[in-house]
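Colleague: So that we are looking at the same thing, I have put the structure below in structure tokens.
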Ligand code: SF4
Ligand code: SF4
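Residue numbers (our numbering): -10 to 432.
This is the structure in structure tokens:
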């Protein structure tokens, strides 16, 4: 099998060995869960419960508000104690339903559907009712991705099995532990979009996952497994499409422009479970890892569980732990409040020690050009950052700052330790603000 890749990228130390051989463990319900109404990209869901409402596992506690939104279910049995602003892993508070658990195990799943006879519409409706969101980080409602605009012809679905962020091993464990669910989930996704061809891209640092998935797809003529070069950010949508199909998504456009829909491995499993078991989106599959956690694990955690409870379940943090990140170390968010909860799309909690994060002092730009040579989107990070620092946002716009996917590749390689991503994010937000104002004034 030929190994495919893309231009640019970096090779951070992986640290996958901390958890890659540890099977998923189910974490019991905590004493209290915190359920933000906006765990997805799009409009916040609308609460259907109030203080004092009794819920069981699977109860719908919030309904979707419009097309780009998703319903939310209770992951525990208990009683709603409040609804109000609470900490979230995004770094700012959001409206949140707080539920005190009662230790019961009653559940109310959706009725299981026949995998053999289910129709295209039934799959989409089930994905919508189950509140499934993309597990790759952005938490885009999966139902929306399964309903592309009528004028776009989708030719293939790509399952992203790269897991290119260092440390994380959740998708790898799914491929090793539940290959049938991954494949059957992919087949449901293909049927939902009415597409024939399915691809699975896996980085070549997971040879056993490649072998298992290749064996599991034997006899499936329309599904192909690809070995991709291990390189960050191989799992970014544009890089994945380029590596597998050779097609390039134009700057500022979506994968559907080149006939592609990308789904995460965990999303395929969630779709399978929603159809076959009737299970809504109740648990987050995640890796708890880093040199700062005493017992690294792969866990299935009730959505809404505070980060602190998850860390305690893993034996707590070491004395030299200095930083907790939700998500991967390249694109994740550093946490200041460990009462923030695990969300539907949380893929990892990483506890880092000084040894893992020490980068040294920031200095002036050395004009070495390394950031330019590794940017997978051919951007010029050094210039974009300079323009952001000087407030020259029109110039930053001209150079394509809005295309930046904030992958952190440039910052990782910068010998001057300049916080390039923070500057890029800031400049990008400002340019997008200017573009919105421009659109309003032109209308
Ligand atoms: S963060 Fe933006 S500029 Fe930096 S490497 Fe990634 S895409 Fe390029
Ligand atoms: S990698 Fe850092 S030091 Fe080198 S040109 Fe880019 S910003 Fe400057």
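Idealized CB from N, CA, C, for every residue including glycine.
1. Identify the continuous beta strand (DSSP E) that holds residue 173 and give its terminal residues.
2. Does the stretch 96 to 106 come close enough to the stretch 309 to 316 that 3 or more CB-CB pairs lie under 8 Å?
3. Rounded to whole angstroms, what's the CA-CA distance from residue 61 to residue 194? Just pull it up for me.
4. When the Cα atoms are used, what is the spatial distance from residue 380 to residue -3?
5. Counting only runs of 3+ residues fully inside the stretch 280 to 362, write out the beta strand (DSSP E) ranges in chain order.
6. Excluding the 5 residues flanking residue 142 on each side, which residues of the same chain have their C-beta closer than 7 Å to its C-beta?
7. Run through the DSSP bridge pairs and tell me what residue 23 is partnered with.
8. Does at least one heavy atom of ligand 1 sit under 6 Å from the Cβ of residue 229?
9. With distances taken from CA atoms, which of 5, 1, 39 is nearest residue 287?
10. Is it the case that the CB of residue 356 approaches a heavy atom of ligand 2 more closely than 6 Å?
11. Under the criterion of a Cβ to heavy atom distance below 6 Å, does residue 394 qualify as lining ligand 1?
12. Could you name the residues that DSSP lists as bridge partners for residue 71?
13. Quick check on residue 110: does DSSP put it in helix, strand or coil?
14. Give the range of the alpha helix (DSSP H) segment to which residue 102 is assigned.
15. Following the continuous beta strand (DSSP E) through residue 14, name the residue where it begins and the one where it ends.
16. Checking the sheet assignment: what are the DSSP bridge partners for residue 215?
17. What alpha helix (DSSP H) runs, 4 residues minimum, are completely inside the stretch 113 to 155?
18. Using only the heavy atoms of ligand 1, determine whether one of them is closer than 6 Å to the beta carbon of residue 388.
19. Taking residue 371 as part of the beta strand (DSSP E), name the residues at either end of that continuous run.
20. Rounded to a whole number of angstroms, what is the C-alpha to C-alpha distance between residue 221 and residue 84?
21. Please indicate yes or no: does the CB of residue 288 lie closer than 6 Å to some heavy atom of ligand 1?
22. Which residue from 401, 169, 390 puts its Cα closest to that of residue 345?
23. Provide the residue(s) that pair with residue 252 in DSSP beta bridges, ordered along the chain.
24. Contact between the stretch 28 to 41 and the stretch 113 to 132 is defined here as three or more beta-carbon pairs at a separation below 8 Å; is this criterion met?
25. Pull the bridge partners of residue 62 from the DSSP assignment, please.
26. Touch check for the stretch 4 to 24 and the stretch 257 to 265: three-plus C-beta pairs under 8 Å?
27. Specify, as a first and last residue, the run of the alpha helix (DSSP H) that residue 402 falls within.
28. With residue 460 as the anchor, note down where its alpha helix (DSSP H) starts and where it stops.
29. On the DSSP bridge assignment, give the partners of residue 275 in chain order.
30. Evaluate residue 357 with the Cβ neighbour count: other Cβ atoms within 10 Å of its Cβ, from every protein chain shown; 16 or more gives buried, anything less gives exposed.
31. Are the CB atoms of residue 377 and residue 412 within a distance shorter than 7 Å?
32. Indicate, with yes or no, if ligand 1 has a heavy atom lying under 6 Å from the CB of residue 151.
33. Should residue 368 be listed as close to ligand 1, given that the test is whether its C-beta is under 6 Å from any heavy atom?
34. Which stretch, first to last residue, makes up the alpha helix (DSSP H) that contains residue 234?
35. Residue 281 and residue 373 look like a contact to me (Cβ under 8 Å); what is the Cβ gap, rounded to whole Å?
36. Closer than 8 Å is the cut-off here; do at least three beta carbon pairs connect the stretch 32 to 47 with the stretch 296 to 313?
Modeller: Reading off the structure:
1. Counting along the chain, residue 173 falls outside any beta strand (DSSP E), though it belongs to the alpha helix (DSSP H) covering 168 to 182.
2. Using a Cβ-Cβ distance cut-off of 8 Å, the stretch 309 to 316 and the stretch 96 to 106 are not in contact, since fewer than three pairs of beta carbons, one from each stretch, lie closer than that value.
3. Counting only the Cα atoms, residue 194 lies some 35 Å from residue 61.
4. Here the alpha carbon of residue 380 sits roughly 28 Å from the alpha carbon of residue -3.
5. Taken in chain order, the whole beta strand (DSSP E) runs of length 3 or more contained in the stretch 280 to 362 are 286 to 291, 310 to 315, 337 to 342.
6. Excluding sequence neighbours, residue 142 sits near 248.
7. Its beta-bridge partners are 87.
8. Ligand 1 has no heavy atom closer than 6 Å to the beta-carbon of residue 229.
9. Residue 5 is the option with its Cα nearest to residue 287.
10. Set against 6 Å, the gap from the CB of residue 356 to the closest heavy atom of ligand 2 is smaller.
11. It does: the Cβ of residue 394 is within 6 Å (strictly closer) of some heavy atom of ligand 1.
12. When DSSP reads this structure, residue 71 sits in a beta bridge with 87.
13. Correct three-state label for residue 110: helix.
14. Where residue 102 is concerned, there is no enclosing alpha helix (DSSP H), given that its DSSP letter is neither H nor E.
15. Annotation: the continuous beta strand (DSSP E) that includes residue 14 extends over 13 to 15.
16. Partner(s): 190.
17. Annotation: the stretch 113 to 155 contains the following complete segments of the alpha helix (DSSP H) (minimum length 4 residues), in chain order: 131 to 134.
18. No, ligand 1 has no heavy atom inside 6 Å of this Cβ.
19. Premise fails: residue 371 lies in the alpha helix (DSSP H), 370 to 379, not in any beta strand (DSSP E).
20. Taking C-alpha positions only, residue 221 is separated from residue 84 by approximately 34 Å.
21. No, Cβ of residue 288 sits at least 6 Å from all heavy atoms of ligand 1.
22. It is 401.
23. Note: residue 252 sits in a beta bridge opposite 148.
24. Judged by Cβ distances under 8 Å, the stretch 28 to 41 makes contact with the stretch 113 to 132, as three or more pairs qualify.
25. DSSP, once it has assigned bridges, lists 49 as partnering residue 62.
26. Between the stretch 4 to 24 and the stretch 257 to 265 there are fewer than three inter-stretch CB-CB distances shorter than 8 Å, so the stretches are not counted as touching.
27. Boundaries of the alpha helix (DSSP H) around residue 402: 398 to 402.
28. This structure gives no information on residue 460, because the portion of the chain shown stretches from -10 to 432.
29. In the DSSP assignment, the residues bridged to residue 275 are 288.
30. By the 10 Å Cβ count, residue 357 comes out exposed.
31. Going by beta carbons, residue 412 and residue 377 fall inside the 7 Å limit.
32. Every heavy atom of ligand 1 is 6 Å or more from the Cβ of residue 151, so no.
33. Flag set: Cβ of residue 368 near ligand 1.
34. Where residue 234 is concerned, the enclosing alpha helix (DSSP H) stretches over 226 to 234.
35. Between residue 373 and residue 281 the Cβ distance is about 33 Å, and since that is not below 8 Å, they are no contact.
36. Proximity of the stretch 32 to 47 to the stretch 296 to 313 falls short of the contact definition, fewer than three beta-carbon pairs being nearer than 8 Å.
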